[in-house]
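Residue numbers (this note's numbering), protein chains in the order written: chain A, 96 to 211; chain B, 190 to 304. Below: one structure, written as structure tokens.
Next comes the structure, spelled out in structure tokens:
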């Protein structure tokens with residue numbers, strides 16, 4: 096069984112640029128969530144996709160957007176990068192079924208983004 | 190809204206010492222509770238979980254019991270090893286009315302185990 100993978104592992108951008116981060120879900124999982132983890136803090140929920148539709152969003156501005164593809168892989172796009180966007184971006188996949196309480200999210204290794 | 194509060198770190202212990210990391214939560218519904226561990230330079234790994242009151246999650250010698258009456262999910266291990274040094278995150282998943290299954294995390298507790 097293949098785990099969650101993310102690319103790239105590291106990325107350096109300058110303020111105002113745009114970035115796309117990629118995530119490949121664990122086999123059999125139909126839900127993907129993205130989180131931002133600033134240095135020394137816990138992850139913060141950005142948004143979640145279920146069967147290619149956004150299924151909830153955290154307190155992040157619209158310049159954070161996403162896509163989920165038919166094979167359940169996903170992208171996180173961030174426009175107009177700001178210095179505070181420097182963080183570890185984590186993707187997590189899960190398998191949504193009738194019982195929400197049974198779901199567990201499995202995380203990838205993350206993409207570390209540095210905005211200069 | 191939902192929230193998770195963890196004891197601040199770092200927690201520094203000698204090898205074979207007993208570990209407790211406190212976690213309390215606030216939720217509107219009936220959440221599932223999780224402990225994740227993050228080793229340096231890596232993503233999050235699920236350590237254990239509990240989905241209803243009085244459930245005990247356990248893995249690799251770590252245990253945590255879902256206490257609804259005290260809204261707590263404290264992490265314990267009887268004898269820590271140097272290899273347990275990492276950051277530990279308590280988290281909850283509370284679908285509520287929306288069905289959204291996002292995780293709400295605590296701020297993390299760094300554990301340092303000395304030989």
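All residues carry an ideal CB built from backbone N, CA and C; glycine is no exception.
**OP:** Assess, as a yes-or-no matter, whether the region 117-136 of chain A is touched by the region 196-213 of chain B under the definition of 3 or more beta carbon pairs within less than 8 Å.
**Re:** no
**OP:** Could you name the residues of the region 146-163 of chain A whose beta carbon sits closer than 8 Å to any beta carbon of chain B, in the order they occur along the chain?
**Re:** Of all residues in the region 146-163 of chain A, 150, 151 and 153 have a Cβ within less than 8 Å of some Cβ in chain B.
**OP:** Classify residue 174 of chain A as buried or exposed, calling it buried when 16 or more other Cβ atoms lie within 10 Å of its own Cβ.
**Re:** Here the question's residue 174 of chain A lines up with position 79 in the first chain. Exposed.
Subject >> Three-state secondary structure (DSSP) of residue 168 of chain A >> reply: Start at 1 with the first residue of the first chain, and residue 168 of chain A comes out as number 73. In the three-state reduction of the DSSP assignment, residue 168 of chain A falls in the coil class, being assigned neither a helical nor a strand state.
**OP:** Note down the Cα distance separating residue 155 of chain A from residue 304 of chain B, rounded to an integer number of angstroms.
**Re:** For the purposes of this step, residue 155 of chain A is taken as residue 60 along the first chain, with counting starting at 1. For the purposes of this step, residue 304 of chain B is taken as residue 115 along the second chain, with counting starting at 1. When rounded, the distance between both Cα atoms is 42 Å.
Subject >> Within-8 Å CB hit, residue 233 of chain B to chain A >> reply: On the second chain, position 44 is the one that residue 233 of chain B refers to. Closer than 8 Å: yes.
Subject >> C-beta neighbour in chain A for residue 249 of chain B, strict 8 Å >> reply: Residue mapping note: residue 249 of chain B aligns to position 60 of the second chain, counting from 1. Not one chain A Cβ lies under 8 Å of residue 249 of chain B.
Original post:
Are the region 181-189 of chain A and the region 125-137 of chain A touching by the rule of at least three beta carbon pairs closer than 8 Å?
Top reply: yes
Original post:
Does the beta carbon of residue 238 of chain B come closer than 8 Å to any beta carbon on chain A?
Top reply: Looking up residue 238 of chain B in the second chain gives position 49. Yes, contact with chain A.
Original post:
Are the Cβ atoms of residue 260 of chain B and residue 225 of chain B separated by less than 8 Å?
Top reply: Here residue 260 of chain B refers to the residue found at position 71 when the second chain is read from its first residue. Here residue 225 of chain B refers to the residue found at position 36 when the second chain is read from its first residue. No. Outside cutoff.
**OP:** Compare the beta carbon distance of residue 148 of chain A and residue 282 of chain B with 8 Å and say whether it is the shorter of the two.
**Re:** In the first chain, counting from the first residue as 1, residue 148 of chain A sits at position 53. In the second chain, counting from the first residue as 1, residue 282 of chain B sits at position 93. In this structure, residue 282 of chain B does not lie closer than 8 Å to residue 148 of chain A by Cβ.
Subject >> For residue 190 of chain B and residue 292 of chain B, the rounded distance between their alpha carbons >> reply: Along the second chain, read from residue 1 onward, the residue named residue 292 of chain B stands at position 103. Along the second chain, read from residue 1 onward, the residue named residue 190 of chain B stands at position 1. Approximately 12 Å between the Cα atoms of the pair.
Original post:
Can you tell me whether DSSP reads residue 191 of chain A as helix, strand or coil?
Top reply: Locating residue 191 of chain A in the first chain gives position 96, counting from the first residue. Reduced to three states, the DSSP call for residue 191 of chain A is coil.
Original post:
Are any of the Cβ atoms in chain B nearer than 8 Å to that of residue 111 of chain A?
Top reply: If you number the first chain from 1, residue 111 of chain A lands on position 16. Chain B contact via Cβ: absent.
Original post:
Roughly how many whole angstroms lie between the Cα atoms of residue 114 of chain A and residue 294 of chain B?
Top reply: Position 19 of the first chain, counted from the first residue, corresponds to residue 114 of chain A. Position 105 of the second chain, counted from the first residue, corresponds to residue 294 of chain B. Going from the Cα of residue 114 of chain A to the Cα of residue 294 of chain B covers about 25 Å.
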